[in-house]
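Visitor: Below are the structure tokens for one structure; questions will follow.
Chains as they are written, first to last, in our numbering: chain A, 844 to 1368; chain B, 844 to 1368.
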């Protein structure tokens, strides 16, 4: 890849740092990939943030049409390099080429979806309350409000989605759509992929005639570069997808700043799947096949991976258990994203295996070579689960823990014991579901998304999606990182009192020149 | 007041604690008021939270119509005791009876406004994306989402609004409208007023046939009772209006919990007023009169009090300065809310007086007796202001600091130097405003509400109001504590995937039985 430079981009400039310390590694072979990437200097990081602040003065006032054009240009530019991405990203991540192609398509679709939201313009929630100079005892002033962008946003790339949750992923798309400049911290696990996408993005900013500070891409160690970004007084919000430990340390930094900022971390979820007895009796084998597909999809490296499966010991579990055991036993080994994730999975699986309350029901092929994950199927009882909090921690990889219970009370206790989740799933017949509305009500308080008779992997990018959930699934359960509502994370309402029409943002001008949906004197027009 | 019991209410039960430690004090006379109030025990506090959690199972699922009925019943009950409130609250707060009557009216209007929002129902932002089983490569599932309440909410009463920001104030109204049970921590500065309103609220809960845990009212010291509430694992959000020190210590507790929760504090704002030269030339005297009225309203004890007035030395300041000096010099002394606020104002004003960079231009009547505030008018230069951060801290009381500058650059530097504010105001002629769009753009990034040619005191309760702003004005600049958008603080989106229609909340059922506004497949219907 001759075109890769190994440099951070600070607006339209390349970093002048030259000591390469970050190298992509092919997880399947252990081969170190070229070029190496130099960590950005502190001065360059500060320069990127200052450029972003300068750019915000222009970009924060840009029209939805201008932002839509930028987002579409980014998508177009990414499509132009999709073959290069499909060649490079698998080397860096171990993910197969078809997955990279699908993820590239999703990333571009996501950019275009946010373009349509920005262009349509009603997302700002414009509200107008007209003056009433005759009101007694005091006249009523003219008051108008709408969402405005927060300012420069830091975005952290995720290892497990080198495109859709990385340089031009959901966080970047939603922040740009809202009018916020973005500074991306690349993930060391796919530095070349990040550079390719970063160049596509920088070129789109250039071609759109926007100021260079709208986008920068920084390489560096998470601890120094990432923390320095979140700590920087001119950064006004940040988005992160990654581990619970990493997310919580950044949450703390964001909260402890002299000026605390919104920090959106998606961190940890075990995505419980409850199988009710009617469904188990009706389709145990099919449920086993579905569960197996979901738990091994992407080598189990999805934040929505079903890590916990709750079943009723009073049902006939045999067809389900023998099918899932058979599937896991014959599961081929597969390459994980990087050695850190590979060894964390190995050691987590080992801990579970060594837990006397847990039985390993099945193990897939161990595999030879680097970063090979073997699928593992564990089983424990609800009593053990309720008494050992370690059984509820996320094991990131192709595994699920089957928890058996003897009564509905135990099942509900188990549901109540759960921490916040991205998803919660219930499989049931019509009668099962009707008889377990209380379970659904508990799960609704625990998760951002509740599914019936499906599997949690596969997050639809649409208007109604909520990819979020109470802590520790995310740092801020009021938000979503997927779907068009994500744009609201990077904005706040600003109120304009008694402004002359010509000084109001166009969204709030009396004649409604942008023809957007507004609430006028309490009525949506 | 024979009917006052001096007790906390834990749902429908009275506290059994009997050692009175909290007494209202008439700030004008220093007289201790009866009855005394006993601090709630730890066990009772826990019981209140558990009742709230139990109540949430019912109340969280109640319909908007039921919540509207509750809110209207509360307003009706408060109106029935408005004479008692008008008799008692002035004794506890030093606020005059007409102000208490006006605030009672505002409190009831606010409850009814939230009732109308809950009843209409569209606030939940329902979104429906229909399934497409034929989509390739994977079928599209049916996905729906809407806002759901967070759970039990802790509300802290404010000293300066014994009704509108206290037991049945904005935080309580918006939390109940969203479907969250509320536990109120009474303010020790007006315990009897809190009990009267608390009884009105409890009776409304009883009469509505709702579970007792929907509302509790707790007395106790801020440090123990308030912090224990925010720390309690079953509390899911909190609202606070008060000092920066108090707000920041609770923010830290909320962020450091094993499960961090949304914490909405409104804390500190100096509400800058910029007077541009054209306006100063045109109406210096009128501006002085308006500023004087705003800075002394409620003895300066409003969070929107204009504590900072920025004027251009190159304008003819004489008419403005001589008028405001004359007004402040002849300003009668007035009673502050309590001795703590009175002595904080005295010592803050003394610090400013002793600052060599600051000149005291005028002082009102000093007053005899307890808690008497003298209005003070200070002046300094923009250079001094920019070099001494202490000049930018809030002085809660009837005072403003006039800052003179010599150039537009200095004015903009001053605007840029400001911390987050609830409001920012600009006075200008049409030509002034046109020539200072850059000032307006800076202020928009600093404040929740920007006003032109008005004064910041007087917060309209309406759909478009934003009573919020970047830190330290509030802990969370994305929200408002006044106006109907406040309901969004106590809710989060939940997504329902592939639910049978009968298991969906009615807001999301296909036939739209509640007839609310929804986004269906991307289009608002």
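Backbone N, C-alpha and C define an ideal beta-carbon position, used for all residues, glycine too.
Keep in mind that this is a model prediction, so the values were computed, not measured.
Which first and last residues belong to the beta strand (DSSP E) in which residue 1192 of chain B is found?
Guide: Run containing residue 1192 of chain B: none in the beta strand (DSSP E); it sits in the alpha helix (DSSP H), 1182–1197.
Visitor: How would you call residue 1359 of chain A, buried or exposed, if buried means at least 16 neighbouring beta carbons within 10 angstroms?
Guide: Residue 1359 of chain A is buried by the Cβ-count criterion.
Visitor: To the nearest angstrom, report how far apart residue 844 of chain B and residue 941 of chain B are at their CA atoms.
Guide: Summary for residue 844 of chain B: the model assigns pLDDT 49, below 50, so the residue's position carries little reliability; its value from the coordinates is reported in the next sentence. Their backbone Cα atoms lie some 20 Å apart in a straight line.
Visitor: Figure out for me which residue from B:1306, B:1356 and B:1070 has the closest Cα to the Cα of residue 1344 of chain B.
Guide: Looking at the Cα atoms, B:1356 is the closest of the given residues.
Visitor: To the nearest angstrom, how far is it from the Cα of residue 1054 of chain B to the Cα of residue 996 of chain B?
Guide: Roughly 16 Å separates the two Cα atoms.
Visitor: Excluding the 5 residues flanking residue 1065 of chain A on each side, which residues of the same chain have their C-beta closer than 7 Å to its C-beta?
Guide: Contacts found: 1089.
Visitor: Quick check on residue 1335 of chain A - is its C-beta less than 7 Å from some C-beta in chain B?
Guide: By this cut-off, residue 1335 of chain A is an interface position.
Visitor: Please list, in chain order, the chain A residues whose beta carbon lies closer than 7 Å to that of residue 1296 of chain B.
Guide: Those within 7 Å of residue 1296 of chain B in chain A are 1341.
Visitor: Pairing CB atoms from the region 1004–1018 of chain A with CB atoms from the region 895–909 of chain A, are three or more of them under 8 Å?
Guide: No contact exists between the region 1004–1018 of chain A and the region 895–909 of chain A.
Visitor: Mind listing which residues of the region 970–984 of chain A have their C-beta closer than 9 Å to chain B's C-betas, in chain order?
Guide: Result list: 970, 971, 972, 980, 981, 983 and 984.
Visitor: On the premise that residue 867 of chain B lies in contact with residue 1033 of chain B, defined as a C-beta separation below 8 Å, what is that separation, rounded to the nearest angstrom?
Guide: Between residue 867 of chain B and residue 1033 of chain B the Cβ distance is about 6 Å, and since that is below 8 Å, they are a contact.
Visitor: Counting only Cβ pairs nearer than 7 Å, list the residues of chain B close to residue 1328 of chain A.
Guide: What residue 1328 of chain A touches in chain B: 1336.
Visitor: Report back the beta-carbon spacing between residue 870 of chain B and residue 1213 of chain B to the nearest angstrom; my notes put them in contact at under 8 Å.
Guide: Right, their Cβ atoms sit about 6 Å apart.
Visitor: So residue 1035 of chain A and residue 847 of chain A are supposed to be a Cβ contact under 8 Å. How far apart are they, rounded?
Guide: Going by Cβ atoms, the distance from residue 1035 of chain A to residue 847 of chain A rounds to 5 Å, so yes, they are a contact pair.
Visitor: Pick helix, strand or coil for residue 883 of chain A, following the three-state DSSP scheme.
Guide: DSSP places residue 883 of chain A in coil when its eight states are reduced to three.
Visitor: Any beta carbon from chain B within less than 7 Å of residue 1054 of chain A's own beta carbon?
Guide: No, residue 1054 of chain A does not count as interfacial toward chain B.
Visitor: Does the region 1102–1113 of chain A come within contact of the region 1138–1150 of chain A, defined as at least 3 CB pairs closer than 8 Å?
Guide: Counting Cβ pairs under 8 Å, three or more are found: they touch.
Visitor: Per DSSP, what are the beta-bridge partners of residue 1248 of chain B in this structure?
Guide: Note: residue 1248 of chain B sits in a beta bridge opposite B:1155.
Visitor: With burial defined as no fewer than 16 other Cβ atoms inside 10 Å of the residue's Cβ, what is the status of residue 1171 of chain A: buried or exposed?
Guide: Buried, because 16 or more other Cβ atoms sit within 10 Å of the Cβ of residue 1171 of chain A.
Visitor: On the DSSP letters alone, give me the boundaries of the beta strand (DSSP E) that residue 865 of chain B sits inside.
Guide: 863–865 is the span of the beta strand (DSSP E), which, as asked, contains residue 865 of chain B.
Visitor: Who does residue 1083 of chain B pair with in a DSSP beta bridge?
Guide: DSSP output for residue 1083 of chain B lists B:1108 as bridge partner(s).
Visitor: Would you check if the distance between the CB atom of residue 964 of chain A and the CB atom of residue 1022 of chain A is smaller than 7 Å?
Guide: Taking 7 Å as the Cβ cut-off, residue 964 of chain A and residue 1022 of chain A do not qualify as a contacting pair.
Visitor: Is there at least one Cβ from chain B nearer than 7 Å to residue 1293 of chain A's Cβ?
Guide: So yes, residue 1293 of chain A belongs to the interface.
Visitor: When you compare the CB positions of residue 1324 of chain B and residue 1310 of chain B, do they come within less than 7 Å of one another, or not?
Guide: Yes, the Cβ-Cβ distance between residue 1324 of chain B and residue 1310 of chain B is below 7 Å.
Visitor: For residue 1285 of chain B, collect the residues of the same chain with a Cβ closer than 7 Å to its Cβ; drop the 5 residues on either side in sequence, then sort them by chain order.
Guide: Only 1255, 1258 and 1259 meet the Cβ criterion.
Visitor: Please go through the region 1227–1298 of chain A and give each complete beta strand (DSSP E) segment of 3 or more residues, from N-terminal end onward.
Guide: DSSP runs (the beta strand (DSSP E)) wholly in the region 1227–1298 of chain A: 1242–1248, 1264–1270 and 1290–1295.
Visitor: Starting from the C-beta of residue 1077 of chain B, find all residues in its chain whose C-beta is less than 8 Å away, skip the five residues before and the five after it, and write them out in chain order.
Guide: Around residue 1077 of chain B: 892, 893, 895, 896, 994 and 995.
Visitor: Which of helix, strand or coil does DSSP assign to residue 1028 of chain B?
Guide: Strand.
Visitor: Check the Cβ-Cβ distances between residue 1067 of chain A and every residue of chain B, and say whether any is below 7 Å.
Guide: It does not: the Cβ of residue 1067 of chain A has no partner Cβ on chain B nearer than 7 Å.
Visitor: Taking the Cβ atom as the reference point for each residue, do residue 1174 of chain A and residue 1207 of chain A lie within a distance shorter than 7 Å?
Guide: In this structure, residue 1207 of chain A lies closer than 7 Å to residue 1174 of chain A by Cβ.
Visitor: DSSP state of residue 1362 of chain A, grouped into three classes?
Guide: Looking at residue 1362 of chain A - three-state DSSP - the assignment turns out to be strand.
Visitor: For residue 868 of chain B, which residues does DSSP report across the bridge?
Guide: For residue 868 of chain B, which the question treats as bridged, DSSP gives the partners B:875.
Visitor: Which of the residues in the region 1302–1321 of chain A, read from start to end, lie with their CB under 9 Å from any CB of chain B?
Guide: The region 1302–1321 of chain A vs chain B, Cβ under 9 Å: 1303, 1305, 1306, 1307, 1308, 1309, 1310, 1311, 1312, 1313, 1314, 1315, 1318, 1319, 1320 and 1321.
Visitor: Between the region 1152–1161 of chain B and the region 1184–1192 of chain B, can you find at least three pairs of beta-carbon atoms closer than 8 Å?
Guide: Contact between the region 1184–1192 of chain B and the region 1152–1161 of chain B is absent, because fewer than three Cβ pairs lie under 8 Å.
Visitor: Could you check which residue in A:967, A:1319 and A:1273 has the C-alpha nearest to that of residue 988 of chain A?
Guide: When only C-alpha atoms are compared, the closest one is A:967.
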